[in-house]
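Step one of this worksheet: look at the structure below.
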Amino acid sequence: MKTGFYPGCSMKGSAREYSESLMAVAKVLGRELPEIPDWNCCGATAAHNLDRDLALALPARILAAAEKAGMDEVLVPCAACYSRLSVTRHELLDAKGSEALRARISGLIEAEYRGSAKVVNILEWLAGIGGLEGLIQAPFARKVACYYGCLLVRPAGIVKFDRPEEPQSMDRLMKKIGAEPLDWAFKTECCGAGFSISRNDLVARLSGLILDDAVARGAEAVIVACPMCHLNLDMRRPNIEKRADKKFRIPVLYVTQAIGLALGIAPKKLGLQRHKVTVRFSPAVDKSPAETLPPSGTRPGEA
Amino acid sequence: MARIGVFICHCGENISATVDVAKVAAAAAKIPGVVHSVDYKYMCSDPGQQMVSSAIKEKNLTGVVVAACSPRMHEPTFRRACAEAGLNPFLCEMANIREHCSWVHEKGEATTNKAIDIVRTLVAKVKKNKALLPIKVPVTKTALVLGGGIAGIQASLDIANSGHKVILVEKEPSIGGHMSQLSETFPTLDCSQCILTPRMVEVAQNPNITLYSYAELESLEGFIGNFKARIRKKARSLDEKLCTGCGLCCQKCPTKKIASDFDAGLGMRPAIYVPFPQAVPNKPVIDREHCTYYLKGKCRLCEKVCPTQAIRFDQADEIVEVEVGAVVMATGFDIKHGDFFPEYGYGNYRDVIDGLQFERMASASGPTLGEMRRPSDGKVPEIVVFIACAGSRDPAKGIEYCSKICCMYTAKHAMLYRHKVHHGKPYVFYMDIRAGGKMYEEFVRRAIEEDGVQYIRGRVSRIYERGGKLIVKGADTLLGARPMEIEADMVVLATAGVANPGAEALAQKVHISYDSHHFYSEAHPKLRPVETNTAGIFLAGACQAPKDIPESVAQASGAAAKVAALFSQDELIREPLIAVVDRQAPPLYSTCVGCFLCQTSCPYQAIEKEEIRGRDGQLIKTVAKVNPGLCQGCGTCVALCRSKSIDIQGFSHEQVYAEVLALLNRGESDV
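Protein sequence lines, in the order shown, are assigned to chains A and B. Numbering (the numbering used here) for the first sequence: 9 to 311. Numbering (the numbering used here) for the second sequence: 97 to 767.
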């Protein structure tokens, strides 16, 4: 099984620490993640708002390149890239009229797309690695709010991964590394996503609600698996605090960073210093929220 | 020499739109042996049938092929027409050029040619048909009713009152079903138990009804009029004849904190229990999974206090074998439980409950004695949100259908809540209000207008707990999809009605068909709603699809009427399409070599050994023989017989080979 790595733009830029921590973790886990040769932009939000063919051709070209390089699956850590690649794979392989569409897109990208490479997200990939528990050096014994965002588990019919409304895969991963995932309300709520540029007032409000609930339930960190979510919750923290008129000290970690810490990897190698919000674990806010708000019982199926 | 008549039907335009019927008729006329070939718009109509019977008489036909729809549809019609014209009905065959041809292909020459091929095949077969005589079998005039809910109770009473014996089997310790759990019923708000319990008592007292409660069907064999059922009477761990139902054992049992199924998990019961005070029969059972004696080998307190020494710890399950002529399936339904709605916290937050739990909470005999008390802390909920269509009509949840009863019971719930908590605020989130039924719409209007229930058209996206409140996030789609948030004290989900967990296994046990949701399939969705495709097995109530009490009762009476009609005859006439073992003149007697592979393979135990003896009584050989009453004509033995000594009448080797050869364009000469 050869797994290819698709970085997309964010892993080379705003989310460098996501990429750094992923590579550091992969090294400890003994997994190689070669980059897809000559990869290109996935099209992100822009392409599918403008041109359907373009929105399909860009990811198809990436996947065709992966296939050509003999990769059986493609790890896509960015949730937006993951969504674009998954949707394209679905449209070209499983959807109605996919055969004609596949032929047309293959013509556009001047390469044959067969669909042999599977698209996996970071949680899926990590969950598939056995023996993680055995490698833990320093259990990440923190109360964490696992934040999945909008795209990792949706659309359910296409990604066919976890439960779309109350996902559990990240919670299970966090348990494996010794953390205590909390039952909270904003697991899949919107952070404001791409409005980060054009309407950051909106992002400040939506992301503020997410932090508010995480803090109120006593979380010591928010764990994310999406560069966009991280950017909004971390880099937009000043906007959030201004709008909410209060300070939030809670750090936002990539899932790979939390795992990296548990595996005993040095914080610097995980890029923790790159965050805007200092990574310091202390029960947040002024009064102890854990006492005013009891956690809401056990989750189904986990007792 | 065969004289075959071929009759091509247009089926209105169902066939003629894609098949050139005139060409088929012309081609059929050229097949050797065909002496008459015509087409007609509606062959199944009276004039169409007339065409068949007059042709039989005028042209002296020895066989008839009707090229029309599936034999499931009209074979009986045309066979009857043939019989009336004096031709043995089994000399008539259907060539299915509708389901197998016109409906599944485009218009064109290939389609017409396929229709011609199908006709030619059947002509070749009918030439080999033999006149057969129907089989007569006796009818056992006892009905087996599975399930003692309102549908099973009604069916049992109706059959019993028409003078026939009924065996009623209920898997729970008491009959009554879901209806006995309900508080009040829509649209009249009469107390469910008050109208149900007299019927339950009637069942117990009716001399024609034998009740097996705490029992399940083990197996069912046989066929219409002649079923053999084995019923497992689960061990109650007491002697029912000695027990007086005094209830002392239940009072004294030290294990008291077992979640009560009857109270939908909201109340507790002891390890020896009667599910509810009005139970029929009013005899307790010991729950061996929780009883201290079975777990630890000590206690036996119930045995000590029992005034009649009725407790039997060593009692084993008992298998009862009964013979019945008809079966009524009335096994009811369930609602979705558990981890079905993670976004609503169902199964996670204690104050998110389902409809049945609300019924128990509202019931005067329930765990709160009818007071509105939320499960988590026993407080009176001031704001309650009811969510209709929790799962129903939601393909994302795998349930596309409407559960039908939820609109009405949700209106009732909100109303009952308001009647009990006057200052409370009930909200209902709904997709559409489906209140079709006598006085149903009026009932919903009453909830909205008189009882002040606030209806919000929209879906709930998420429920979570914050500060002891349940935050319900939804949208009001009548106000421009305005997002809304309600801080509720309790949420009631009208979770989808689904088939019972054991429904599929039971259907396979009794050999009836079921749909993808495991609801039992009726023989025809409009015209045969209470029959199954298995003769002699009928449907009543929500095991067929979610339905309310009046509908269940109506269907149960319908099923009972079908059973009574079946039992009005002493003998049944069966089609003779069964297996027969070859018999010949001496000295061979039969080509059967007596290996009896067929006997072990027969799923219906229809094959017996026959000893052929000479006049002096000396055994000549032992050969297989098919019991015509038991054989279902499945053909398993035919496939296994090594000496090709078994044939299915009407589908003999000769007939099937003739069909195949005709299809291969050979064998036209071998008439």
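Just so it is clear, CB atoms sit at the ideal spot from N, CA and C, and this is done for glycine as well. As the structure is a prediction and not an experimental result, all values here were calculated from the model.
Delimiting residues of the beta strand (DSSP E) encompassing residue i
i: Gln146/B; result: Element bounds for Gln146/B: not the beta strand (DSSP E) but the alpha helix (DSSP H), Asp142 to Lys155.
i: Ala584/B; result: Arg578 to Ala584
i: Val675/B; result: One detail in the question is off: residue 675/B reads as Ala in this sequence, not Val. It spans Ala675 to Val677 - the beta strand (DSSP E) in which Ala675/B sits, taken as one unbroken run.
i: Arg715/B; result: According to the sequence provided, residue 715/B is Leu. The question's Arg does not apply to it. It spans Leu715 to Val722 - the beta strand (DSSP E) in which Leu715/B sits, taken as one unbroken run.
i: Phe13/A; result: Thr11 to Phe13
i: Ile305/B; result: Ile305 to Tyr308
i: His201/B; result: Taken as a continuous stretch (DSSP letters only), His201/B belongs to no beta strand (DSSP E), as it is neither H nor E.
i: His132/B; result: Val130 to Tyr136
i: Val233/B; result: Ile231 to Pro234
i: Lys261/B; result: Lys261 to Val265
Bridge partners - residue i, DSSP secondary structure assignment
i: Asn322/B; result: Phe319/B
i: Cys188/B; result: Val160/B
i: Met425/B; result: Leu242/B and Leu635/B
i: Tyr390/B; result: Bridge partners of Tyr390/B: none, in fact.
i: Gly570/B; result: Val556/B and Met580/B
i: Phe747/B; result: Ile744/B
i: Thr53/A; result: None; Thr53/A has no bridge partner.
i: Cys105/B; result: Tyr136/B
i: Gly593/B; result: Ile431/B
i: Arg709/B; result: Leu715/B
Any C-beta of chain B under 8 angstroms from that of residue i
i: Glu173/A; result: yes
i: Met19/A; result: no
i: Ala193/A; result: yes
i: Ala135/A; result: no
i: Ala164/A; result: yes
i: Ser304/A; result: Here Ser304/A scores only 42 on pLDDT, less than 50, and its place in the model should not be relied on; the value that follows carries that caveat. At least one chain B Cβ lies under 8 angstroms of Ser304/A.
Endpoints, the alpha helix (DSSP H) within which residue i is located
i: Ile291/B; result: Ser288 to Gln301
i: Cys733/B; result: Thr732 to Leu736
i: Glu28/A; result: Arg24 to Leu37
i: Ala66/B; result: Not covered by the structure: residue 66/B. The range shown for chain B is 97 to 767.
i: Lys277/A; result: Segment: none, Lys277/A is in no alpha helix (DSSP H) and carries neither H nor E.
i: Tyr90/A; result: Ala87 to Leu101
i: Val222/B; result: Glu205 to Lys224
Residue-chain proximity (residue i, chain A), Cβ-Cβ < 8 angstroms
i: Gly101/B; result: no
i: Pro230/B; result: no
i: Glu439/B; result: yes
i: Ala590/B; result: no
i: Arg558/B; result: yes
i: Ile495/B; result: no
i: Ser765/B; result: Since pLDDT at Ser765/B reaches only 46, below the 50 mark, its modelled position is unreliable, and the value read off the structure follows with that caveat. It does not: the Cβ of Ser765/B has no partner Cβ on chain A nearer than 8 angstroms.
i: Ala492/B; result: yes
i: Ile85/B; result: This structure cannot speak to residue 85/B, because chain B is shown only from 97 to 767.
i: Ile633/B; result: no
i: Ile479/B; result: no
i: Ile567/B; result: yes
Okay, do the segment 204-213 of chain A and the segment 246-263 of chain A touch, 3+ Cβ pairs below 8 angstroms being the bar?
yes
Contact between the segment 169-189 of chain B and the segment 134-148 of chain B (3+ Cβ pairs under 8 angstroms)
yes
I'd like the ranges of any beta strand (DSSP E) spanning at least 3 consecutive residues and lying wholly in the segment 476-519 of chain B.
479-486
Contact the segment 476-483 of chain B vs the segment 507-525 of chain B: 3+ CB pairs below 8 angstroms
yes
If contact is defined by three or more beta carbon pairs under 8 angstroms, each pair taking one atom from either stretch, is the segment 275-290 of chain B in contact with the segment 674-694 of chain B?
no
Alpha helix (DSSP H) runs wholly inside the segment 108-188 of chain A, at least 4 long, in chain order:
130-135, 164-167 and 177-184
Any chance the segment 338-356 of chain B sits against the segment 365-372 of chain B, with 3 or more Cβ pairs inside 8 angstroms?
yes
Where in the segment 349-387 of chain B do unbroken runs of the beta strand (DSSP E), each at least 3 residues long, occur, reported from the N-terminal end onward?
none
Quick check: the segment 153-168 of chain A against the segment 423-431 of chain B, are at least 3 beta-carbon pairs closer than 8 angstroms?
no
Pick out the complete beta strand (DSSP E) segments inside the segment 395-461 of chain B, 3 residues or longer, and give them in chain order.
414-420, 422-425, 429-431 and 448-450
Can you confirm whether the segment 256-275 of chain B touches the segment 489-497 of chain B when touching is taken to mean that 3 or more C-beta pairs between the two stretches lie within less than 8 angstroms?
no
So within the segment 181-255 of chain A, which uninterrupted beta strand (DSSP E) runs reach at least 3 residues, ignoring any that extend past its ends?
229-232
Meets three-Cβ-pair contact criterion under 8 angstroms: the segment 74-94 of chain A and the segment 120-131 of chain A:
yes
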